[in-house]
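Shown next, in structure tokens, is the structure this report addresses.
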Amino acid sequence: MPLPSLTCSHRLNPPPVRRIFLTGLLILAAVLGGCTREDPTEPVSPSRLIPKSCWFSTEASWPTTQCFMMEVPEDHAKPEGRKIQFPVVRFYAEISDPDKDPLLHLGAGGPGASLGLEPQNASDWLWVNYSSMTVEDGRDLIVMDPRGTGMASPKLSCDEFIEDADLAFTRRLSSDEEARVFTYSMERCYSRLSQIADLSQYNSAVVAQDVEALREALGVPKLNLYGVSYSTRYALTVARDFPESVRAMVLNSAVFPQIIYTQTLPEDVTAAYRRGVDFCRQDKECNKRYPDLEQRLEARVQALDESPIVVDTGNIHPGEQYPFVLSGQRLLRVLFQALYNETFFKELPAIIEELESDQAELLKPAIARFMGLVLDPNFGDAAGISHFCFEEAPFVDFEEASQLAAKSGILGRSVRADIDMMQMQCRIWAVPAAPLLESQAIQTQVPTLVMHGALDPVLSVDDADRARQELPNHQWVVFPELAHDVISASECAEQAAADFLDQPESSIAESVLNCRKEELARQAQLEAKIAELESERAQETGEQAEPASETTRPEGPRHTPRVSGSRYTESP
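Each residue of the sequence shown is one higher than the last, beginning at -11 in this note's numbering.
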């Protein structure tokens, strides 16, 4: 007698049991997958959550972990068409609370940045910075890479750009020559990837549909959403399009759809450099030691554009020194990416001073991080371009932006090339323009916590302050002396998110600001102690004490790779 057919939904929602029993339950779940008898009257979902053996190593200290690939239609309007997949990892609470909905981390931003789920990159930072608000508090943590990025299939990474950039940055090229190289890269990238993907289907509205399909496959009535940088736009879009599926949102360094960032990019970028030098100017001792930093930086940019220097840099290709050719424009790009991390603000004055002697030893770690982003094989830059050309570019007056860039002075020079490159990319991609809805404020009633760093280089705190007021049910917290991605830098930020998720209607502003004051005081004490030890060492050796370097500067207990923006241009 034939067995009845079964349909496997893989809806894993474990009961409130201790972690020690979860491993056995998950083995059963992977085998049985929540299988139920097929109901011929019930429509079959075009999406499915596929359990997988985790492709990375875990340790005994980790929460119970289960890995999946989420399969969805590339075009949700064509459910029978081509399918794509993106990775999902679920970390189970130590003691699960059935009343606490999971928190879904929507990825690293970019758009196009990988969260780091790849076997060679995955480590405990995937969950440890969010443990207080999730696995240690009875709430499961779910993390994902959006379609087209990281471990997703297809991965929409422009290998052609990586290959060309690897060579280009070792050559002395003018802005026009560099633009021609990268135009050719993008043409070849589009030609290849457009054969395997519909590039018009990679944008925030479609990612929101993916998230809703994931929620249904998980079998949870509501999700809490966590976004950082560009993935905050995903959270806002899910709340707009599927409001009944969202309990609460945490927006870390938020991107708002009503802000057309490219329109004011020249002003915002030059303001970021000025915040970098003002950080020293506002400190009496620093300003005394490093006066007139803005003028000195401008002079270095001009000098390096006229006579670039070669900076042999390690940590780019294993076992090799990479001969990075440092022009003025490349210096600005390196500095802009470095300013995503607030610790760099204290290093900047000494870097500018050293560059005046045509030396760049202190800049090498920032060059290595910049090239790490440029050469990242897991960055879905083709998906990122699709996002930009669909939901940002249609609302930009590029002629006005170009005119503004032309007037932006020495520190705005690299933006002029960026604006030209953005237009070039959209001409090649030729994706349809988004409807006006995608440029309008999202006025969701979902309880929302908006957290922002006062030093954020790419998403101005003033812009965010204006935009967040369109949210009718939100709390707003600004963190002094933090830049981009405040949760990666501050335990107070994580605790604020944890308190908010437990009680979204209770005010957290006072407690988090008091926490931050204490955190800054501890940091100042640590820095003073390090400076004292460095001074004592210098006296013993007869050397002049140097500012804290990449290896000696104080680090907090949080070790997450910081979120970056686009692979090359200074845009969110």
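Idealized CB from N, CA, C, for every residue including glycine.
Beta-bridge annotation (DSSP): His375 is not paired with any residue. The alpha-carbon separation between Thr171 and Cys146 amounts to approximately 12 Å.
Counting other Cβ atoms within 10 Å of its Cβ, Leu521 stays below 16 and is therefore classed as exposed. Around Pro254, the same chain offers Leu392, Ala393, Ser396, Gly400, Val403 as residues with beta carbons nearer than 6 Å, after the five sequence neighbours per side are excluded. Pairing Ile339 with Leu281 gives a Cβ-Cβ distance that is not under 7 Å.
For Asp300, the uninterrupted beta strand (DSSP E) segment begins and ends at 297 to 301. The three-state secondary structure of Arg318, taken from DSSP, is helix. Annotated as proximal: Thr301 and Ala356, with beta-carbon spacing under 7 Å. Glu342 is positioned such that its CB atom lies closer than 7 Å to that of Leu350. Annotated three-state conformation of Trp464 is strand, per DSSP. Assignment of Met139 by DSSP, reduced to helix, strand and coil, places it in the coil class. Val243 is the residue among Val243, Lys210, Ser41 whose C-alpha sits nearest the C-alpha of Tyr222. Cβ neighbours of Ala481 within its own chain (closer than 7 Å, five residues either side excluded): Met439, Phe467, Val474, Ile475. Counting only residues of its own chain and dropping the five nearest sequence neighbours on each side, Met412 has a CB closer than 6 Å to the CB of Thr171. At a Cβ-Cβ threshold of 7 Å, Met132 and Val76 count as neighbours.
For His375, the CB contacts under 6 Å within the same chain, skipping 5 residues up- and downstream, are Pro99, Asn191 in chain order.
Comparing C-alpha distances from Gly372 to each of Glu515, Met410, Phe383, Cys268 shows the shortest one belongs to Met410. Residue nearest to Glu59 within the set Thr53, Gln197, Leu94, Asp164 is Gln197 (criterion: CA-CA distance). In the DSSP assignment, His93 forms a beta bridge with Val131, Tyr214.
Sorting Val313, Ala516, Phe386 by C-alpha distance to the C-alpha of Glu166 places Val313 at the top. Bridge partners of Tyr310 according to DSSP: Thr301.
Assigned with DSSP and collapsed to three states, Asn117 falls in coil, not helix or strand.
Judged by DSSP secondary structure, Pro254 falls within the alpha helix (DSSP H) whose first and last residues are 253 to 269. Secondary structure of Val238 (DSSP, three-state): strand. Under DSSP, Phe79 takes part in a beta bridge, and its partners are Thr53, Leu129. Exclusion of the five residues before and after Ala201 leaves Ser35, Val60 as the residues of its chain whose Cβ lies within less than 6 Å of its Cβ.
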